[in-house]
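Protein chains in written order, with this note's numbering: chain A, 654 to 1000; chain B, 290 to 912.
Quick reminder that beta carbons are idealized off the backbone N, C-alpha and C, glycines included.
Everything numeric in this text was worked out from a predicted model, so none of it was measured.
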Amino acid sequence: MSTEDKTMTKETGAPQLTAKDLASDQDVRWCPGCGDYSILAQVQRSLPSLGYKKEDLAFVSGIGCSSRFPYYMNTYGFHGIHGRALAIASGLKAAHPNLSVWVATGDGDCLSIGGNHFIHAARKNFDLNVMMFDNQIYGLTKGQYSPTSLYGQKTKSTPLGSIDHPFNPLLVALGAEASFVARSMDRDMKHLASTVVRAAEHHGFSFIDILQNCNIFNDGAFFLYTEKETKPDNTVFIEHGKPLVFGKDNNKGIKLDGFRPKVVSLEDYSVNDLLVHDEKSKELAFILAHMTDMPGYPMPLGVFLDIERPVLEDDMKKQIDKAIEKSGRGDLNSLFREGNTWEITGN
Amino acid sequence: MHTTIETADGKGKKLVDLIELDEVTVRFAGDSGDGMQLTGSQFTSTTALMGNDLSTLPDYPAEIRAPAGTLYGVSGFQLHFSNKDIHTPGDKPDMLVAMNPAALKVNIKDVREGGAIIVNTDAFDAKNLKLAKYAVSPLEDGSLRGYKLFEVPITKMVTTALEGIGLSMKEITRSKNFFALGLCYWMYNRPMEPTLAWIKEKFGKNPMIAEGNERALRAGYNYGDTTEIFTSRFEVKPAKLPAGTYRNVTGNEATAIGILAACELAKLPGFLGSYPITPASEILHELSSHKNFNFRTFQAEDEIAGICSAIGAAFGGSLAFTNTSGPGMALKQEAIGLAIMIELPLVIVNVQRGGPSTGLPTKPEQSDLFQAILGRNGESPLPVIAASSPANCFWMAIEAARIALKHMTPVVLLTDGYLGNGSEPWLLPKAENLPDISIPFATDPETYKPYSRNEHLARPWAVPGTPGLEHRIGGLEKKHIDGTVNYEPGNHQFMTDMRAAKVKKVQDSIPEQDIFGSEDAEFALVGWGGTYGAIRAATERLLAAGKKVAHVHIKYLNPFPKNLEQVLRRYKKLLIPENNLGQLAFLLRANYMIDSETLAKVQGLPFVPSEIEVAALKSLESM
Ligand code: SF4
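See the structure below:
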C-alpha cells in the first residue's frame, strides 16, 4: 500500500486511507449504469474521513445485486445467504464489538426474506450500519416485484399490476425502534456521502433507505426525485433544526396542521411558520416518513431520527464484566464442582 | 447378573421380605402441577450423596399446566439406583408413587409384577376417577391384586400436619409431594437432611412455605415409621464406582459445561446463538448463567438467526455454538450449508425429539441422523458425532469443538431428550488433565491465502481486525487457495471433492471403534447415541446368561471410524436397536454393503434393556 500523499488520521496517527485503498481487486460486475456504482463510490469516498483502519471494517451482505457489495471493498467481507445478513452481522458485532460493521442489503433481502431479522436487529440496537439499496424490484432474479414495489406496478410476476400494498421502509424501521433512520439516493452523491458519514457516527442501529435506480428492471422509478428538472419540486431535504423549505425557487414549505403536514407556498406563509425538523423527535419522524406515501407531497430525504439508547453489544459486555467482577473469572474446576458433590474412595 | 429383586420375582417371594437390595427403580407420578419432577430430583440428589450409581428419566407432558386430573396431564420421574455400575433408568419400576387415578392409569402397565404402589387415596374421588376414565375405582375392583398396594390418605395427613401454620388450603395441598418424598426416604432408608437443607435455601424468603414443606416431609417419614402398613425398609448400599469426586448431571447441563470447557481449552471467547426449543433450552439457560467465563449467549429472534449469529461470531474469532432440536435443525440447514462453504468452526447441538414436524416435543427419539448427515442442498458433508449418556455429553461437546477447530468445519453433535433431561453421576475430571484444543489464527500477510490448506486440509482462520489479512468469504463457490468467487467447472469439481476429503480426514483424529463383550461373538448389538445404556445393560445380561454377544457403539457417525467396516465384518449377524426406523442400518448398508436387522422403537420412549435382551435372544436363536 502506498503511503504518499496521505494525511494522518486524528485518532490513530496512521496514514489516512483513500477511496482507492478501499477498492478490492475484483471487477465490479453490476450492470453498466446501475445505481449501485454510485453507492459503492460514495462509501469508499466517505469512510476514510472517519479514520478507520481497513482491517477494522467489515461488510456483511445477504443475496441480491446489492449483496455483491462486500466483494468490491478491500476490507473484511462476508457475503451471506438470502435475508440473513443482519443475523450474521449481529453475531459478528456481538463477538467483536471493536469492528465497524456495515450491512449492504436490498429491499427484497432486507424487508421480505430478511424482514424478521431486520425488525429485531433494529429493536435490539446493535451498532450496525445498514444500507438498504431500494430499487423497488428483484434484480438478481430478473425482475419480480418486491415488498417496496408500488401498488399496480407491472413486473415479471405481476403482469397485470401488483396487488400488494408496499412497505414504507422508514416506517418499518421506525416501528421497529431503529435509533437512526435516514433516506438518501444514489444520484445525489453529496447527500449520500454525508448520510453515510452520519450513519457511521451514530452509535447504535443505523438504517439508510437508499433510493437506487435499477436501469434494467425498474428504470426511472425515482427519476421524479433525482432528475434536475423535477427534483426541486418533488423532494424535500430535512435537516435538524431547519425549516422544511423546498421547490425550484425555495418557494414552498411544509407546515404542520395538527398532526398532518401541509404543503404551503411561501408567498402566503413566512419561513417562521414552517415545520422545523427535530431528529430527536420520534413523533415527528413518523409524521415526516408518512409523507412518502402522500400524493402531492415531496419525497422526504435526510436524517429522520437520530437518538441514543442502550446498544446491545455494550450491555452484553457490561454483563460479562460485572459477572467477572462479582464471581471472578470463571474457573473450570469450580464449575465442575457446582452443586452437590460426593467422594468415592478406595474401591 | 441377578439381583435380589429379580430372583425374588422368579421364586414368588414378596418384595417386603427383602431388606438389602442391589438395585431399585422408583417412579413418581402425578399431575404436572403436583411437583413430581421436584420430588424425583430431590430423591436423586439424596441418593447420589449416598454413593449409589443412578440414572434418571423425567417424563413430562408437552402442556405446561394440563388440566388437573387428566391422563395427558400426568408427569413422571423415574429413578434407578444401584450398588453397582448401571446404564439406564431401569426397566420396570419396583415402586410407583401415584398421586391420582390418572397417574396410576398411565403408569401401572410399566410396574413390574409384584411391585409396590403407593397411592394417594384422597385423590381417588368420583371426579378424578372419571377424568382418568376409570368406571370403577381400581382400588376396589381387584385389578391391583398382583401388586403390593399401599393406600395412604396423603392429602388428609398433610392437612393435619400443616394445620395452624397459616397456609391456605391450596398451599397446604401443594406440599403433598414432600409427604410422598418423606415416605420414600423412610422406605429406602435415605436421610432427610439434604432435602431439609434444600428447602431452607429454596424457600428461605417464605418461611411459612418452608415450614409447610418441612413438616410435610417429616410427616411422610414418620408415617412410614409409625403406621403398621409398612413392615419393611430397603437398603441399597453404595456402588463400587471408580474413586473420585462425583456430581449428578443431566445431559443438557453436561453439554453446557462441555461447551464452557471447550472454550477454555481452545483459549477462545465463546458464543451461543440460540432460540428456545424443547428439549434443548436448558443449554441456553445454563450458559446464560456463566457469563464470567467471558461467554456470550444470544437469544435470537428465530432458529435461523440463532445459527447465523453464531456464524458471524465464528467469523469474528469466537468459538461459536448453536443449539436446537429437530424442527429447529431443519430451519438451520441452509446456514449449516453456508458454514460448510465458508469453512469456519461451528458446533451445532441437536437435542433430538420425536418427529416429524412438531412431533413429540418432550419425548426423545433419534430420528435426526439422516437430517444431520444428509439434510442439506448440494454436496455438503460435515462431521457428525453423538453422545451416549448424560455425562458423556460433556466429553462429546469438547470433542465436537476439537474437530470443528482442527478441521475448520461445522460439526453436528447429536444428543436427545432422554440424555438431555436424564441424569447420572459424573466422575469429575480435573481441568488440568483436559486436552489443549487451541489452534493458531492466521496473522502473516505475506503467506496468507484464504483457501490455502494445512495437512488436515483445514483453511486458515483470519479474524477481522488483523492488518493485511482483509478478505471476503461467502456462500458462492470459492477458488482453491485464492478464495475468490469462481464458477469454473474444474474448480467446482475440485472444491466439492476437497470438502468431502476434508471431512473424511477427520478419521485420522478420532479413536478407532471399540468393542465390548465376548471376543469370539458372532452376534453383535450395534448402536449409536442414547441407546447406549439400554444396549449395554442388555449385553451384560446376555453375557451373564452365557451368550456370546458383543456391543459395538458408534460415537462417530460421519465419518465412521476407519476400522468400523472391519469390526462389523467380524460378526455373522448384527442387530441394531434404534429409536427410528433404521437410519444407522441404512447408512451401514450404503457405506459397506453390510446388512443388519433393525429393532425399531418410536414411541417417544427410550429402550429398556429387557426389550433388547428379548430381541437379541430371538435373533440369536435364528442364527
Ligand atoms: S439488475 Fe438492476 S440492480 Fe441489479 S445490477 Fe443490474 S441494474 Fe443494478
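Inset, instruction - Would you list, in chain order, the members of the stretch 937-971 of chain A that have their beta-carbon closer than 7 Å to a beta-carbon of chain B? - result: 969
Legend entry - Contact with chain A by residue 334/B, beta-carbon distance below 8 Å: yes
Inset, instruction - Kindly indicate which three-state DSSP category residue 878/B falls into: helix, strand or coil? - result: helix
Inset, instruction - Enumerate in chain order the residues of its own chain whose CB-to-CB distance from residue 792/A is below 6 Å, with the five nearest sequence positions on each side excluded. - result: 718, 867 and 870
Inset, instruction - Could you name each continuous beta strand (DSSP E) segment of 3 residues or more that falls completely within the stretch 716-777 of chain A, going from the start of the chain to the end? - result: 729-732 and 753-759
Inset, instruction - Using a Cβ-Cβ cut-off of less than 8 Å, give me the residues of the stretch 761-776 of chain B that come near chain A, in sequence order. - result: 761, 762, 763, 764, 765, 773 and 774
Inset, instruction - Note down, one range per segment and in chain order, each beta strand (DSSP E) of at least 3 residues found wholly within the stretch 811-867 of chain A. - result: 833-838 and 859-864
Legend entry - Continuous beta strand (DSSP E) assignments of at least 3 residues falling wholly in the stretch 622-703 of chain B: 635-641 and 673-675
Inset, instruction - Just list the alpha helix (DSSP H) runs in the stretch 781-866 of chain B, keeping only unbroken ones of 4 residues or longer that don't cross its boundaries, in chain order. - result: 821-833 and 853-857
Inset, instruction - Below 7 Å CB to CB, which residues in the same chain sit around residue 760/B once its five sequence neighbours on both sides are set aside? - result: 739, 751 and 772
Legend entry - residue 585/B at chain A interface by Cβ criterion, 8 Å: yes
Legend entry - Reference residue 344/B, options 371/B, 905/B and 595/B, closest by Cα: 371/B
Inset, instruction - Check the Cβ-Cβ distances between residue 982/A and every residue of chain B, and say whether any is below 8 Å. - result: yes
Inset, instruction - Enumerate in chain order the residues of its own chain whose CB-to-CB distance from residue 816/B is below 8 Å, with the five nearest sequence positions on each side excluded. - result: 824, 840, 841, 842, 843, 865, 866, 867 and 873
Inset, instruction - Can you give me the Cβ contacts of residue 411/B inside the same chain, cut-off strictly under 8 Å, excluding the 5 residues immediately before and after it? - result: 442, 443, 444 and 445
Inset, instruction - Flag residue 689/A as yes when its Cβ comes closer than 7 Å to any non-hydrogen atom of ligand 1, and as no otherwise. - result: yes
Inset, instruction - Identify every run of the beta strand (DSSP E) within the stretch 526-579 of chain B, keeping only runs that are complete inside it and at least 3 residues long; order them along the chain. - result: 533-539 and 559-563
Inset, instruction - Say yes only if the C-beta of residue 867/A is nearer than 7 Å to one or more non-hydrogen atoms of ligand 3, and no if none qualify. - result: Looking for ligand 3 in the displayed structure turns up nothing; the ligands present are ligand 1.
Inset, instruction - Find the nearest neighbour of residue 503/B within the set 318/B, 611/B, 461/B and 537/B, judged by alpha-carbon distance. - result: 461/B
Inset, instruction - Using a Cβ-Cβ cut-off of 8 Å, state whether residue 765/A counts as contacting chain B. - result: no
Legend entry - C-beta atoms of residue 336/B and residue 368/B nearer than 8 Å: yes
Inset, instruction - Using alpha carbons as the reference points, say which of 847/A, 757/A and 825/A lies closest to residue 698/A. - result: 847/A
Inset, instruction - Could you tell me whether the Cβ atoms of residue 837/B and residue 812/B are closer together than 8 Å? - result: yes
Inset, instruction - Go through its chain and collect everything with a Cβ distance to residue 737/A's Cβ below 8 Å, but skip five positions before and after it. - result: 715, 767 and 770
Legend entry - Exposed unless 16 or more other CB atoms sit within 10 angstroms - verdict on residue 893/A: exposed
Inset, instruction - Can you check DSSP and say which residues form a bridge with residue 721/B? - result: None; residue 721/B has no bridge partner.
Inset, instruction - Put residue 898/B into one of helix, strand or coil per three-state DSSP. - result: helix
Legend entry - Span separating the alpha-carbon of residue 900/B from that of residue 498/B: 44 Å
Legend entry - Segments assigned beta strand (DSSP E), at least 3 residues, entirely inside the stretch 427-474 of chain B: 437-441
Legend entry - Span separating the alpha-carbon of residue 745/A from that of residue 978/A: 25 Å
Legend entry - Cβ-based contacts, 9 Å cut-off: residues of the stretch 863-881 of chain A near chain B: none
Inset, instruction - Determine contact between the stretch 587-596 of chain B and the stretch 550-557 of chain B, defined as no fewer than three beta-carbon pairs at a distance below 8 Å. - result: no
Legend entry - Spatially closest choice to residue 459/B from 323/B, 378/B and 566/B, by CA coordinates: 323/B
Inset, instruction - Return helix, strand or coil for residue 670/A, following the three-state DSSP convention. - result: coil
Inset, instruction - Out of 704/B, 359/B, 685/B and 479/B, point me to the one whose CA is closest to residue 914/B's CA. - result: Lying outside 290 to 912, the shown extent of chain B, residue 914/B is not represented and no answer is given.
Inset, instruction - Name, going along the chain, the residues of the stretch 676-701 of chain A whose beta-carbon falls closer than 8 Å to a beta-carbon of chain D. - result: The chain inventory of the structure shown lacks chain D, comprising the protein chains A and B.
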